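A.B. asks:
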Amino acid sequence: MEHTLNAETYKAAKKEVWKITWILSILTIVELCLGFWMYFSKQSLGPSGILFIKGVILILMLVKAFYIVAYFMHLKHEIKNMIMTIVVPLSLFIWFITSFLYEGNSYSNLRNRYDKHLHEQINVKVQEAHHAEEGEKSEGAKEEHKAEEHK
Amino acid sequence: MSTTAVHNTKWWSGGKSPFNLEYGKVMMWYFLMSDAFTFGAFLISYGTIRFSTNGWPDPNHVFSSYPFKVAGSAPAPLVFVSIMTFILIVSSVTMVLAVQAGHHKDKKGVVNNLILTILFGSMFLGCQAWEWMHLHAEGAWWGLNPFINADGTHATTNFTNYFFTITGFHGFHVFSGVVINIIMLIMTLNDTFEKKGHYLMIEKAGLYWHFVDLVWVFVFALFYLV
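As given, the protein sequences belong to chains P and S, one line each in that order. Each step along the first sequence adds one to the number in my numbering, with nothing skipped, and position 151 is 151. To get my numbering, take the position in the second sequence, counting from 1, and add 151.
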């Protein structure tokens, strides 16, 4: 485990850190730009356009995660045994995410089919209560929702 | 590195760590892996509920304020949270620099970078505290959701419940990280690591701190952007 300690490697390691910092910053700025794009041109993008941008944001998120783990947490420079003991168990997430999101979607479909009340709620539009002037915050969103309906 | 060069194929023959790492660091990795599953379970549960719900509040509407904002001025989505994100990235960078300084037994570098990391970590906590206070003043809390869905329908409290639970859990990790870094700073100033002859403890604290940054990457994308 003894590393060769000299000024040369110290410098090279520092250089790598700044490189990764730039990559992470640029990826974050790209994410923010996409977020603003979704905010300002929601109408022109349409639902499929929004979905596509969200997908790109999720991929950028994973790329950022890779750079943090690989370089900041130094995993890329460890030996293969070490990388495998961490990465292989984490692959459980592939099943974890797929099955649970599938389950959530399926539950949504079943509820909308068999729970008529829930399904009708899609067409009930409400106004947001203005909370700065509201005295009874503790009554909860449901009460305010009722109050709005009575108006 | 001489041993690695000669016995590269016999990592499992005993007598040395098959991971070529010190015991404490391997255990820190395993702890972080378990923590990754904890956060993963939180975030996946959030995703499941979001997929099973018909509408969801618009994050650009909910998170559109920042400190000292003039009342009635235009909503500013993503502004405050992007500042928080950059604070955490910078704190991660100073932490790597502290770890590297420790590698080269550069005590002054360790102290300076640890102080910066603690400072940025505290700044992040301050930002998060402000955001919670602000949302609470707007009427949001566990079980209370003043915001409506993006499509104009009535929202459940799932949104606020998940937001406060997950950012709260992450904020608690940041807080623990700051406390750990303060302990590391005191130990460095007391020459504990100089006497030991190595700064491996800083590396373990560093791994934990980067993990906190890593989780924020996910929280930021999944709560504020998507």
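The beta carbon of each residue, even a glycine, is placed where N, CA and C say it ideally should be. Note that the structure is a prediction, hence the values are computed from the model and not measured.
1. Should residue 251/S go down as buried or exposed, given a rule of 16 or more other Cβ atoms within 10 Å for buried?
2. Quick one: Cα of residue 269/S to Cα of residue 275/S, how far?
3. Alpha carbon to alpha carbon, what distance is there between residue 246/S and residue 330/S?
4. For residue 350/S, count the other beta carbons within 10 Å of its own beta carbon; 16 or more makes it buried, fewer makes it exposed. Which is it?
5. Can you tell me the Cα-Cα spacing of residue 318/S and residue 165/S, whole angstroms?
6. Please classify residue 264/S as buried or exposed, where buried requires at least 16 neighbouring CB atoms within 10 angstroms.
7. Can you list, in chain order, the stretches of the alpha helix (DSSP H) that have 4 or more residues and sit fully within the segment 203–264 of chain S?
8. Starting from residue 121/S, follow the alpha helix (DSSP H) in both directions and report where the run begins and ends.
9. Cα separation between residue 309/S and residue 344/S?
10. Could you say which of 205/S, 368/S, 167/S lies nearest to residue 120/P if we only look at CA atoms?
11. Does the segment 107–121 of chain P come close enough to the segment 192–208 of chain S to have 3 or more Cβ pairs within less than 8 angstroms?
12. Does the beta carbon of residue 179/S come closer than 7 angstroms to any beta carbon on chain P?
13. On the premise that residue 365/S lies in contact with residue 68/P, defined as a C-beta separation below 8 angstroms, what is that separation, rounded to the nearest angstrom?
14. Given that residue 170/S touches chain P, what residues does it touch there, using C-beta distances under 8 angstroms?
15. Who are the Cβ neighbours of residue 153/S in its own chain at under 7 angstroms, not counting the five residues just before and after it?
C.D. replies: Reading from the atomic positions:
1. In the second sequence, the residue the question calls residue 251/S occupies position 100. Buried is the call here.
2. Along the second sequence, read from residue 1 onward, the residue named residue 269/S stands at position 118. Along the second sequence, read from residue 1 onward, the residue named residue 275/S stands at position 124. If I take the Cα positions, the gap works out to 10 angstroms.
3. If you number the second sequence from 1, residue 330/S lands on position 179. If you number the second sequence from 1, residue 246/S lands on position 95. The alpha-carbon atoms of residue 330/S and residue 246/S are separated by roughly 14 angstroms.
4. One-based indexing of the second sequence puts residue 350/S at position 199. Buried is the call here.
5. Within the second sequence, numbered from 1, the residue matching residue 318/S stands at position 167. Within the second sequence, numbered from 1, the residue matching residue 165/S stands at position 14. Their Cα atoms are separated by approximately 43 angstroms.
6. Numbered from its first residue, the second sequence carries residue 264/S at position 113. Buried, since its Cβ has 16 or more Cβ neighbours within 10 Å.
7. 210–213, 230–254
8. Since the displayed chain S opens at 152 and closes at 377, residue 121/S lies outside it and no answer follows.
9. As a working mapping, residue 309/S is identified with position 158 in the second sequence. As a working mapping, residue 344/S is identified with position 193 in the second sequence. Taking the straight line joining both Cα atoms gives about 47 angstroms.
10. Within the first sequence, numbered from 1, the residue matching residue 120/P stands at position 120. Shortest Cα-Cα distance from residue 120/P to any of 205/S, 368/S, 167/S involves 205/S.
11. Verdict: yes, contact present.
12. Position 28 of the second sequence, counted from the start, is the residue given in the question as residue 179/S. Residue 179/S does not count as touching chain P.
13. Taking the first residue of the first sequence as position 1, residue 68/P is located at position 68. Taking the first residue of the second sequence as position 1, residue 365/S is located at position 214. Between residue 365/S and residue 68/P the Cβ distance is about 5 angstroms, and since that is below 8 angstroms, they are a contact.
14. Position 19 of the second sequence, counted from the start, is the residue given in the question as residue 170/S. Residues of chain P passing the Cβ test: 78, 79, 81, 82, 85.
15. Translated into the one-based positions of the second sequence, residue 153/S becomes position 2. Its pLDDT being 47, under 50, residue 153/S is placed unreliably by the model, and the measurement read from it follows with that caveat. So the list is empty, once near-sequence residues are dropped.
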